Amino acid sequence: MLEEIYNDGERLILGATYDVLKVMRHKSSYKIFKKIIEADILNSPLMLNQKIKILDIGCGTGHGTFMLSDILGVEITAIDISKESIIYAEQNCGASNI
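Quick note on UniProt numbering: the sequence shown kicks off at 1 and runs consecutively.
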């Protein structure tokens, strides 16, 4: 399955991608997104008691989506053009709010 995922253009599969710069870039991007979302929630009283919806377009194997899933009150929809990437994400990076 990993070969099909790479052939569909996915750049990162945790545990299979050993390019340290790609892994660092991917993780740091989602950490920044997560901090922005958390700050927006804290700074907007209207958002504190509401379900926050996130759409992750091009989620790949789902690691970044999974990183966002522990933000309190979020509901995430993750999509990708690669069927294999979605299957991998469901098997390896699932959460009840994704």
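All C-beta atoms, glycine included, are put in the ideal place defined by N, C-alpha and C.
This one's a predicted model, so the numbers in the text were calculated from it and none came from an experiment.
Proximity test, Cβ basis, 9 Å: residue i and chain D
i: I13; result: As a matter of chain content, chain D is missing from the structure shown, which is built from one protein chain.
Cα-Cα separation, residue i to residue j
i: G73; j: I98; result: 12 Å
i: I32; j: G64; result: 11 Å
i: K27; j: F66; result: 11 Å
i: K34; j: S44; result: 16 Å
i: I71; j: I36; result: 11 Å
CA nearest to the CA of residue i, picked from the options
i: Y30; options: G62, T77 and A89; result: G62
i: C59; options: K83, A78 and L42; result: A78
Helix, strand or coil at residue i [DSSP, three-state]
i: V89; result: Reading off the sequence shown, one finds Ala at residue 89, where the question assumed Val. Of the three classes helix, strand and coil, the one that applies to A89 here is helix, per DSSP.
i: T65; result: helix
Inset, instruction - Take every Cβ of the region 10 to 29, pair it with every Cβ of the region 41 to 57, and state whether three or more of those distances are shorter than 8 Å. - result: no
Inset, instruction - Could you name each continuous alpha helix (DSSP H) segment of 4 residues or more that falls completely within the region 13 to 43, going from the start of the chain to the end? - result: 20 to 43
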